[in-house]
Amino acid sequence: MSHVFHRNSNNLPPIGMKGDGVYLYDTDGKAYFDGSGGAAVSCLGHGDQDIINAIKRQLDSMAFAHTGFLGSQPAEDLADLLVKHAPESLEHVYFVSGGSEAVEAALKLARQYFVEIGQSQRSKIIARRQSYHGNTLGALAVGGNEWRRAQFAPLLIDVSHIGPCYEYRNRRAEETSFEYGQRVANELEEEILRLGPDQVMAFIAEPVVGATMGAVPSVEGYFKRIREICDTYGVLLILDEVMCGMGRTGTLFAAEQEEISPDICTIAKGLGAGYQPIGATLCSGEIFNTIKNGSGFFQHGHTYIGHPTACSAGLAVVQKLTQGGVVEHVTAKGQQLLDLLQQEFGRHPNVGDIRGRGLFVGMEFVADRGRKAVIDPCHKFNSRLKAAAFDAGLICYPMGGTIDGRHGDHVLLAPPFISETHHLEEVVSKLATAVRKVTAELGM
Ligand code: PMP
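So for the sequence shown, the numbering used here puts the first residue at 3; every next one is plus one.
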């Protein structure tokens, strides 16, 4: 019996032994194509010697120093590099160890900012249904996934949720995409007015929704309108790029493609590329300077903030991501992956939507393509798909969730940026094998 407390203690995973390029291997030597980078983490694949050597060098010189006493050069250099490539408003970087921590820091930073400018009545947060922002209590509270929240609801802070931007299911026939985006963005304004404009501190959203919806980008103009509304009412805009940031969508920050700049932005996953656990919360000069010139102290922190070894990994990763050609390759290969999925599944009766941006691609499964009817949750379609894909040697990220009160199944693909055409063909072919198996099992 394993003494590791696995999340699913009745279904233990095999032990992983080795990672090499796009593949992971278990102790039996079976190879798995890491088609989702775990959960959109391993953006540069496995066994990258440049990153490993950077980490080794840091371990040899100074593995750790508490930032209450000493800073570190990798943290300085990584912050400089991130700010150089970040949307223009983001000027300072607060390092943490993962995505949930980055979101917690973002929420507390927003709150402390308003306290410091004498608007301590601002404490309300607005987020979106069908979002995931992490599993710690603050991050879980802003997330909109009912299933994840349900049993912890009594412990969660009160957060308002508006609808997601989810064109496939919610655009009305008479609307253009643009009109649809403006309509759902305006829900934010309605909610701010309902709560009282001077009560609201922040709106948080993922530019491309990952875990709960399977790579759903917003429609053109949506985030510009969101930015406008936040500006009108003095509400801070927090973009959660934990999953979709760091080149995943074809630009280092996903916000670049929305042509907006947030006040606060969270990143993680791809930042350490799986070589080290690291996340970060970036904020505007206005927020940073308010605290610097006010109390002078951000009242938040963990032992491992700015961990030198984690920052050395992040630095090596971001250096690679910002070397010419990488994000362009992501854009080109992302389009190729979408095309391959269209060829394979474009007419499949149980595939309703194929979508994504860059190498962040999702597919939504339905019982009936014409009616977009969701698959009965009793079928556990997504768990079956995960198992069937795994058998076929593919790690992908199938999820089921409630879609505005209804069940929905999707799969998320986030292959490493080093993927070439034959790799993507392998992903699609293995996924097709898995889908065939599950639909046959269920008599679909
Ligand atoms: N925000 C988003 C958008 C995420 O996708 C995730 C993780 N899936 C998190 C936050 C939480 O990150 P972590 O699991 O590293 O705490």
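We put the beta carbon where it would ideally sit given N, CA and C, even for glycine.
Assumed close pair residue i, residue j - CB separation to whole angstroms, cut-off 8 Å
i           : j           : result
residue 56  : residue 263 : About 30 Å separates the two Cβ atoms, so there is no contact after all.
residue 27  : residue 35  : Contact flag wrong, Cβ pair sits at about 11 Å.
residue 144 : residue 109 : 7 Å
residue 310 : residue 107 : 19 Å between Cβ atoms; not a contact.
residue 191 : residue 225 : Not a contact, Cβ separation roughly 14 Å.
residue 114 : residue 201 : That belief does not hold up - the Cβ atoms of residue 114 and residue 201 are roughly 17 Å apart, past 8 Å.
residue 318 : residue 52  : 6 Å
residue 211 : residue 156 : Residue 211 to residue 156, Cβ: 26 Å. No contact.
residue 221 : residue 286 : In fact, because the Cβ distance is near 26 Å, the residues do not count as touching under 8 Å.
residue 245 : residue 42  : 5 Å
residue 429 : residue 37  : 5 Å
residue 387 : residue 400 : 4 Å
residue 214 : residue 134 : 5 Å
CB of residue i within 8 Å of CB of residue j, strictly
i           : j           : result
residue 281 : residue 333 : no
residue 205 : residue 232 : yes
residue 44  : residue 276 : yes
residue 416 : residue 342 : no
residue 283 : residue 119 : no
residue 390 : residue 436 : yes
residue 99  : residue 304 : yes
residue 18  : residue 49  : no
residue 70  : residue 418 : no
residue 83  : residue 320 : yes
Residue i, DSSP secondary structure in three states
i           : result
residue 167 : coil
residue 238 : strand
residue 400 : strand
residue 126 : strand
residue 306 : coil
residue 292 : helix
residue 56  : helix
residue 269 : strand
residue 357 : strand
residue 109 : helix
residue 204 : strand
residue 134 : coil
residue 25  : strand
Nearest-angstrom Cα separation, counted from residue j out to residue i
i           : j           : result
residue 183 : residue 300 : 36 Å
residue 86  : residue 269 : 15 Å
residue 126 : residue 199 : 10 Å
residue 339 : residue 426 : 6 Å
residue 95  : residue 358 : 28 Å
residue 147 : residue 356 : 21 Å
residue 102 : residue 136 : 4 Å
residue 116 : residue 346 : 51 Å
residue 368 : residue 323 : 36 Å
residue 216 : residue 397 : 15 Å
residue 229 : residue 161 : 19 Å
residue 267 : residue 209 : 10 Å
residue 236 : residue 203 : 8 Å
residue 188 : residue 64  : 50 Å
residue 104 : residue 272 : 13 Å
residue 489 : residue 330 : Since the first residue shown for the chain is 3 and the last is 446, residue 489 is missing from the structure and cannot be characterised.
residue 296 : residue 288 : 12 Å
residue 154 : residue 325 : 43 Å
residue 74  : residue 92  : 21 Å
residue 392 : residue 371 : 26 Å
residue 444 : residue 374 : 18 Å
Cβ-heavy atom distance, residue i to ligand 1, below 7 Å
i           : result
residue 135 : yes
residue 44  : no
residue 1   : The chain is shown only over 3 to 446; residue 1 falls outside these bounds and no answer can be derived.
residue 263 : no
residue 242 : yes
residue 141 : yes
residue 429 : no
residue 212 : yes
residue 401 : no
residue 270 : yes
residue 217 : no
Near ligand 2: residue i beta-carbon under 7 Å from a heavy atom
i           : result
residue 315 : The model depicted lacks ligand 2 and carries ligand 1 instead.
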